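Inspection log for the structure reproduced underneath, given as structure tokens.
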Amino acid sequence: MTKQVLTLQAADGYPVVATLYPAAGAPHAHLVVASATGVPQGFYRRFAEFAAARGYRVLTLDYRGIGLSRPATLKGFEVDFLDWGRLDLAAAVEHMASDELPLLLVGHSYGGHALGLLPNQHKVAACYLFGVSAGWHGWMPPLERVKVWLTWNVFGPLLTRWKGYLAWSKLGMGEDLPLTVYHQWKRWCRYPHYFFDDPAMAGIRDSYDRVRMPVLAANSVDDLWAGPASRDAFMAGYRNAAVTAVTIDPARAGFGPIGHMGYFKAQAQPLWEAALAWFQTEVSSATKS
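In structure tokens, the structure reads:
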């Protein structure tokens, strides 16, 4: 397999850099990976290669401001947090959509939010989510609540005043984030149901109500940012989708800690196998009906 780096054109003209992993042999489905906040697409390479080796044509991407889609400087770079779904991921879905093969989506954290933001969500046949959450500190264990409070109220303001953007890399927490993304994320994490509870976001539910495909949301009990309760709080927003919630206990499953990032690390291969098996079942059921 030879991966190919592509530049997609979002609806507003912004260049979004993506990577295409060809399927081994004739593909039986197309698959788009929707990244977490501040996580570059290279983090999902192992999963993309795993799926491609099993007959999936896979596309990963960097949202604007992240990784290969980052401008020369983030200072002064404005982006609506929702644009990552409405424009960037939408461009990836448009590129991979096909009349011949089903299009599937795997989302990590924010990627689970982005599904409901897609203007072309009807082109996705099924979606498998890892670590999606509402982001509210109240769903987290006590010590993690303190860390999150310090991030939002101490380190975040200091870093943004210093750099003009959230220099998250200075905290060892991922890629730097545009200032507008930081402010929106901080605001919505104040609410138990994320932006669904924000009075300024009254119309957001309309987009999520249009999601009607099968969705599975898998969360690990040791994911401090996205435990099962936080998952359920956010997934309640997909009121018309056929949602299945799966809670993972890594100790019982026989592999090491997962946390919020371990879903896509090498030891999580059994989770990838489960996701692809679920896709096969859903696609087969849809074909028969």
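Here UniProt numbering is used: position 278 in the sequence shown is 278, and no number is missing along the way. Glycine residues also receive a C-beta, built at the ideal position from the N, C-alpha and C atoms. Bear in mind the structure is a predicted one, so any value in this text is a computation, not a measurement.
Query, Result
"Ends of the alpha helix (DSSP H) at Q184?", "L179 to W188"
"What residue range is occupied by the uninterrupted beta strand (DSSP E) comprising L20?", "P15 to Y21"
"When the Cα atoms are used, what is the spatial distance from P65 to G174?", "The sequence shown places Gly at residue 65, rather than the Pro named in the question. Cα-Cα distance, rounded: 13 Å."
"Do you know whose CA, among K265, H95 and K186, lies nearest Y44's CA?", "K265"
"How far does the beta strand (DSSP E) with F50 in it extend, from its first residue to its last?", "Run containing F50: none in the beta strand (DSSP E); it sits in the alpha helix (DSSP H), R45 to A53."
"Taking 8 Å as the threshold (C-beta atoms), are A226 and S133 in contact?", "yes"
"Reducing DSSP to helix, strand and coil, say where N219 ends up.", "strand"
"At 4 residues or longer, and completely inside the segment 74-106: list those alpha helix (DSSP H) runs for me, N to C.", "90-96"
"In this structure, does DSSP put L224 in helix, strand or coil?", "coil"
"Can you give me the Cβ contacts of I248 inside the same chain, cut-off strictly under 8 Å, excluding the 5 residues immediately before and after it?", "A218, N219, S220, V221, I258 and L271"
"Kindly identify the DSSP beta-bridge partner or partners of A34.", "G107"
"Given a cut-off of 8 Å, decide if A23 and G57 are closer than it, judged by their beta-carbon atoms.", "For the sequence presented, residue 57 should be read as Arg rather than Gly. Yes, Cβ-Cβ distance for R57 and A23 is below 8 Å."
"Which residue's Cα is closest to the Cα of S285: V79, T19 and P102?", "P102"
"Provide the residue span of the alpha helix (DSSP H) that contains R57, from first to last.", "Careful: R57 lies outside any alpha helix (DSSP H), inside the beta strand (DSSP E) at Y56 to L61."
"Starting from A251, trace the alpha helix (DSSP H) in both directions and tell me its first and last residue.", "P250 to A253"
"How about V93 and L68: do their beta carbons lie closer than 8 Å?", "no"
"Got a sec? Which residues, its chain only, sit under 7 Å from P40 by beta carbon, not counting five neighbours each side?", "D62, I66, G67 and E175"
"Tell me, to the nearest whole angstrom, how far the beta carbon of L104 is from that of L115; I am working on the premise that it is less than 8 Å.", "Incorrect: roughly 11 Å between the Cβ atoms, too far for contact."
"Can the beta-carbon of A126 be found closer than 8 Å to that of E282?", "yes"
"For A29, which beta-bridge partners are listed by DSSP?", "Y56"
"Looking only at its own chain, which residues have a Cβ that is under 8 Å from the Cβ of V209, when we skip the five neighbours before and after it?", "Note that residue 209 corresponds to Asp in the displayed sequence, not to Val. Only R239 and N240 meet the Cβ criterion."
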